[in-house]
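Peer 1:
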Amino acid sequence: MKCGYASGWQGWIQLENFSAWNGLPFASKNNGFDGTDAVLEFNKPEQVKHIAMLEEMNKKGDFSYVGRKDESTEKFYNGDCAMTTASSGSLANIRGVRQI
């Protein structure tokens with residue numbers, strides 16, 4: 365296996381979703397819902413620690429950066445990567461490529 369784990373849409377999945385899962389703000393003003401003058405706030409210790417963990421995984425070869433959009437799904441479909449995180453919309457393609 366060429367990679368253990370790859371992620372698509374890192375800004376969305378690894379920062380915005382990570383923040384939501386952990387009850388952390390991604391932006392000020394109620395995450396942007398309370399005003400267009402919201403400021404991004406994803407540089408809190410928890411988010412920084414999460415990105416540092418991905419960096420360490422990358423150095424060890426456990427995480428592979430394969431692109432900033434949805435390139436990780438293609439690597440998963442081809443069997444190059446054991447795991448991926450991507451949009452739930454990828455499930456239809458996964459079912460079409462592999463029998464689950």
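Positions 365 to 464 (this note's numbering) are the ones given, in order, by the sequence shown. For glycine and all other residues, C-beta sits at the position ideal for the given N, C-alpha and C. For clarity, every value in this text was computed on a predicted model and none was experimentally measured.
1) Under 9 Å between the Cβ atoms of S428 and G368?
2) Could you tell me the distance, in whole angstroms, from the CA atom of C445 to the CA atom of D426?
3) From this set, K433, K393, N422 and G387, which residue's C-alpha is nearest W373's C-alpha?
4) Do L404 and A391 count as a contact pair if the criterion is CB distance below 9 Å?
5) Suppose you measure from the CA of F440 to the CA of R459; what does that come to, to the nearest Å?
Peer 2: On the basis of the data shown:
1) On the sequence shown, position 64 is the one that residue 428 refers to. On the sequence shown, position 4 is the one that residue 368 refers to. Contact flag set, yes.
2) As a working mapping, residue 445 is identified with position 81 in the sequence shown. As a working mapping, residue 426 is identified with position 62 in the sequence shown. Each residue's CA atom was taken as its position, placing C445 and D426 some 10 Å apart.
3) Within the sequence shown, the letter at position 9 stands for residue 373. The residue with the shortest Cα to Cα distance from W373 is K433.
4) Against the sequence shown, residue 391 aligns to sequence position 27. Against the sequence shown, residue 404 aligns to sequence position 40. Closer than 9 Å, so yes.
5) The count along the sequence shown starts at 1 and reaches residue 440 at position 76. The count along the sequence shown starts at 1 and reaches residue 459 at position 95. When rounded, the distance between both Cα atoms is 12 Å.
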